[in-house]
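Line by line, the protein sequences are chains A and B.
According to this note's numbering, the first sequence holds residues 83 to 300 in order.
According to this note's numbering, the second sequence holds residues 83 to 300 in order.
C-beta: ideal position from N, C-alpha, C; glycine also.
Number of protein chains: 2
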Amino acid sequence: MINTKKIIIVDDHKIVRDGIRAMLLCNKSFSVVGDLASGKELFQQLNSLTPDIVILDIGMPEMNGVEITGKLNREYPAVKVLILSANASEDWIVSAIKAGAVGFLPKECSSGELIKALRHISRGENYYGESIASIIYRSYVNILRDKESPKRTEELTERESDVLKAFSEGLSFKEIADKLCISPRTVESHKINILNKLELKNTIEMVKYAIKNGIIDL
Amino acid sequence: MINTKKIIIVDDHKIVRDGIRAMLLCNKSFSVVGDLASGKELFQQLNSLTPDIVILDIGMPEMNGVEITGKLNREYPAVKVLILSANASEDWIVSAIKAGAVGFLPKECSSGELIKALRHISRGENYYGESIASIIYRSYVNILRDKESPKRTEELTERESDVLKAFSEGLSFKEIADKLCISPRTVESHKINILNKLELKNTIEMVKYAIKNGIIDL
DNA sequence: GATGAAGTAGGTGAAATCCCGTATTTGGTT
DNA sequence: AACCAAATACGGGATTTCACCTACTTCATC
């Protein structure tokens, strides 16, 4: 094989990294040039490792997969991103695609499918996995039907993120106010905005959203 | 090697299962006779696969690793259990050991450590991993100092579990009352008991507890 | 048959949150 | 310069939840 593609794996669990590494060991088209535990490490080593493809766990503490994908796409547009996700929710798929991922697989996928995805990606194609594809299709149909329904992925402002994070840590209005040095009423305003934007109905759904989207760790 | 140990891997992510499989492929002391996605499948196939060791992910929907361990220990005491956990909290370690796990590793462990653990376990020894060992030591010291502090792992009653589950779904007192056909005040009583038992300070911590312990899925 | 745990239910007052608003300042865009 | 979105802040009343109790019933266990 003339053109071996260089791959970096980013996942906070070493066992997953080793696992993927082991899967690709027998395959001559791909060579794993690094496996890292966080986005921070990735950006530190990106220039020296010069990967073609980055395999990215979406659910990581600190910087989540979507954020990393966005930054990669802005600063290193030649690097392709394949996202791995524990639970393939529509939200995450949409965010990942928006951020520039060219592949998306559930962690339930087989090693065969992983290699298939990598092949497609190295040919410059997209690959989204069968189970993902059906979710994308459904989402697409929804968009066509409702004209404009992709409100779900509306972005939170910086401040709203702070508030969301604080709520998810179990703080009360007053505690959040103190922490962020604003009035409790302002915290309330932010919260209402968050709930409206994300179409959630209460604090608990908000916390679950935050966990799902890697905004806080458990 | 005369005595090859038979291993089953249980994890809800195929990629992790395949990864561990791949890691053990080169090792003649251990052969993976099955990899399964849930406790249910495990108990269906246990009699035909007759494993020596079960590698168990602690964080799974439906039946979590601790429950599976307990059931295994009661019904198949010859089968050794090695727990893998994403986040190695004291609570989980304590629960796992109580339930009868003879090994406990964080998912951040290396493949080398995994094999080391399996070697110890097949010799009939316990193995808890370096990072785990320090947590165990600290917990042990606490128990010695406080005479009796392991209140943390106190069990919830059936009804309390129902209430916890309902709260975690984002229902209010009134909604839970309707759902369980009891008075809102009773729901309140249950909730207070839950918070006290688990030493949590509010609903949000409760929800996070429920997610962490696999009582609800995200 | 006493004891205790689990499940049920309620009282009361305080605290927190929700839900409807309005208003000012700041920073960026056109 | 005009405009808009974001962030900040507040009001008032309704509703919900919290905290700390008491109390009854059932059921198993000793």
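*Please determine, among 89/A, 170/A, 289/A and 277/A, the residue with the shortest C-alpha to C-alpha distance to residue 212/A.*
Start at 1 with the first residue of the first sequence, and residue 212/A comes out as number 130. The shortest C-alpha separation from residue 212/A is found at 170/A.
*Do residue 133/B and residue 161/B have their CB atoms nearer than 8 angstroms?*
The residue labelled residue 133/B in the question sits at position 51 within the second sequence. The residue labelled residue 161/B in the question sits at position 79 within the second sequence. In contact: residue 133/B and residue 161/B (Cβ atoms closer than 8 angstroms).
*asked:* Our contact map puts residue 116/B next to residue 131/B with C-beta atoms below 8 angstroms; I'd like the distance itself, whole angstroms only.
replied: Position 34 of the second sequence holds residue 116/B. Position 49 of the second sequence holds residue 131/B. That pair is a contact at about 5 angstroms.
*Give the straight-line distance between the Cα atoms of residue 251/A and residue 216/B, rounded to the nearest whole angstrom.*
Along the first sequence, one-based indexing puts residue 251/A at 169. Along the second sequence, one-based indexing puts residue 216/B at 134. Cα atoms of residue 251/A and residue 216/B: separation of roughly 26 angstroms, rounded to the nearest angstrom.
*For the candidate residues 125/A, 190/A, 284/A and 278/A, whose alpha-carbon lies nearest to that of residue 249/A?*
Along the first sequence, read from residue 1 onward, the residue named residue 249/A stands at position 167. With distances taken between Cα atoms, residue 249/A lies closest to 284/A.
*asked:* If the cut-off is 7 angstroms on Cβ atoms, which residues from the segment 100-118 of chain A count as contacting chain B, listed in chain order?
replied: 100, 101, 102, 104 and 105
*According to DSSP, which residues form a beta bridge with residue 185/B?*
As a first step, residue 185/B must be located in the second sequence, where it is residue number 103. Residue 185/B pairs with 164/B and 209/B.
*Under the three-state reduction of DSSP, which class applies to residue 117/A: helix, strand or coil?*
Within the first sequence, the letter at position 35 stands for residue 117/A. Strand, per DSSP.
*Distance, Cα to Cα, residue 182/B vs residue 156/B?*
Stepping through the second sequence from its first residue, residue 182/B is reached at position 100. Stepping through the second sequence from its first residue, residue 156/B is reached at position 74. Taking the straight line joining both Cα atoms gives about 9 angstroms.
*Under three-state DSSP, which class holds residue 93/B?*
Along the second sequence, one-based indexing puts residue 93/B at 11. Residue 93/B: coil per DSSP, three-state reduction.
*Does any heavy atom of the ligand MN sit closer than 7 angstroms to the C-beta of residue 125/B?*
Within the structure as shown, the ligand MN is missing, as the structure has no ligands at all.
*Have a look at the DSSP bridge pairing and note the partners of residue 136/B.*
Translated into the one-based positions of the second sequence, residue 136/B becomes position 54. The partner list for residue 136/B (beta bridge, DSSP) reads 90/B and 163/B.
*CB contact check: residue 263/A to chain B, cutoff 8 angstroms*: For the purposes of this step, residue 263/A is identified with residue 181 of the first sequence, where counting begins at 1. Chain B contact via Cβ: absent.
_Contact defined as beta carbons within less than 8 angstroms: I believe residue 246/A pairs with residue 279/A. What is the distance between those atoms, to the nearest angstrom?_
In the first sequence, residue 246/A corresponds to position 164, counting from 1. In the first sequence, residue 279/A corresponds to position 197, counting from 1. Actually they are not in contact, since the Cβ atoms of residue 246/A and residue 279/A sit about 10 angstroms apart, beyond 8 angstroms.
*Of all Cβ atoms in chain B, is any one closer than 8 angstroms to the Cβ of residue 259/A?*
Looking up residue 259/A in the first sequence gives position 177. Closer than 8 angstroms: no.
*Output yes or no for whether 8 angstroms exceeds the beta carbon distance between residue 288/A and residue 274/A.*
One-based indexing of the first sequence puts residue 288/A at position 206. One-based indexing of the first sequence puts residue 274/A at position 192. No, these two residues do not count as a Cβ contact at 8 angstroms.
*Given a threshold of 16 other Cβ atoms within 10 Å of its Cβ, counted over all protein chains shown, does residue 219/A qualify as buried or as exposed?*
Your numbering for residue 219/A matches position 137 in the first sequence. Exposed, since its Cβ has fewer than 16 Cβ neighbours within 10 Å.
*Can you tell me which of the three DSSP states residue 281/B falls into?*
By one-based count along the second sequence, residue 281/B stands at place 199. It is coil, neither helix nor strand.
*For residue 218/A, the three-state DSSP class (helix, strand or coil)*: As a first step, residue 218/A is located in the first sequence; it is residue number 136 there, counting from the start. Residue 218/A falls in the helix class under three-state DSSP.
*By how many angstroms is the C-alpha of residue 107/A removed from the C-alpha of residue 129/A?*
Sequence index remark: in the first sequence, residue 129/A carries index 47 (1-based). Sequence index remark: in the first sequence, residue 107/A carries index 25 (1-based). Those two C-alpha atoms are separated by around 23 angstroms.
_Near-chain B residues of the segment 157-187 of chain A - C-beta to any C-beta below 9 angstroms_ = 166, 168, 169, 171 and 187
*Are the C-beta atoms of residue 121/A and some chain B residue less than 8 angstroms apart?*
Sequence index remark: in the first sequence, residue 121/A carries index 39 (1-based). So no, residue 121/A is outside the interface.
*asked:* With a threshold of 8 angstroms between beta-carbons, can residue 211/B be considered close to chain A, or not?
replied: Along the second sequence, one-based indexing puts residue 211/B at 129. No, because no Cβ of chain A sits closer than 8 angstroms to the Cβ of residue 211/B.
*asked:* I'd like the list of long-range same chain contacts for residue 118/B, defined as Cβ closer than 6 angstroms, with 5 residues on each side in sequence excluded.
replied: Along the second sequence, one-based indexing puts residue 118/B at 36. Taken in chain order, the residues that qualify are 92 and 124.
_Test: residue 92/B CB closer than 8 angstroms to a CB of chain A_ = To locate residue 92/B, count along the second sequence from 1; it is residue 10. No, residue 92/B lies away from the interface with chain A (no Cβ there is under 8 angstroms from its Cβ).
*asked:* Just to check my reading of the structure: residue 100/B and residue 139/B have Cβ atoms closer than 8 angstroms, yes? What is that Cβ distance to the nearest angstrom?
replied: In the second sequence, residue 100/B corresponds to position 18, counting from 1. In the second sequence, residue 139/B corresponds to position 57, counting from 1. In fact, because the Cβ distance is near 13 angstroms, the residues do not count as touching under 8 angstroms.
_Buried/exposed call for residue 191/A, threshold 16 Cβ in 10 Å_ = Taking the first residue of the first sequence as position 1, residue 191/A is located at position 109. Its Cβ being crowded by 16 or more others within 10 Å, residue 191/A is buried.
_Using only CA atoms, which one of 244/A, 286/A and 292/A lies nearest to residue 271/A?_
In the first sequence, the residue the question calls residue 271/A occupies position 189. Looking at the Cα atoms, 244/A is the closest of the given residues.
_Using beta carbons (cut-off 8 angstroms, strictly below), is residue 247/A in contact with chain B?_
As a first step, residue 247/A must be located in the first sequence, where it is residue number 165. So, not an interface residue.
*In angstroms with no decimal places, state the Cα-to-Cα distance between residue 87/A and residue 89/B.*
Counting from one through the first sequence, the residue named residue 87/A turns up at place 5. Counting from one through the second sequence, the residue named residue 89/B turns up at place 7. Their backbone Cα atoms lie some 34 angstroms apart in a straight line.
*asked:* Does residue 159/B pass the burial test, meaning 16 or more other C-beta atoms within 10 Å, or should it be called exposed?
replied: Within the second sequence, the letter at position 77 stands for residue 159/B. Its Cβ having fewer than 16 others within 10 Å, residue 159/B is exposed.
*Measure the C-alpha to C-alpha separation of residue 265/B and residue 126/A and round it to an integer number of angstroms.*
Within the second sequence, the letter at position 183 stands for residue 265/B. Within the first sequence, the letter at position 44 stands for residue 126/A. Distance between the alpha carbons of residue 265/B and residue 126/A: 57 angstroms.
*Test item: CB-CB of residue 203/A and residue 185/A under 8 angstroms*: As a position in the first sequence, residue 203/A is number 121, starting the count at 1. As a position in the first sequence, residue 185/A is number 103, starting the count at 1. The Cβ atoms of residue 203/A and residue 185/A sit closer than 8 angstroms to each other.
*Might you give, ordered along the chain, the residues of its own chain that have their beta carbon closer than 8 angstroms to the beta carbon of residue 259/B, omitting 5 neighbours on each side?*
By one-based count along the second sequence, residue 259/B stands at place 177. Excluding sequence neighbours, residue 259/B sits near 265, 266, 268 and 269.
*Output, in chain order, the set of chain B residues within a Cβ distance shorter than 8 angstroms of residue 287/A.*
Against the first sequence, residue 287/A aligns to sequence position 205. Neighbours of residue 287/A on chain B, chain order: 252.
_Looking at the secondary structure, which residues open and close the alpha helix (DSSP H) in which residue 151/A lies?_
Start at 1 with the first residue of the first sequence, and residue 151/A comes out as number 69. Unbroken alpha helix (DSSP H) run through residue 151/A: 147-157.
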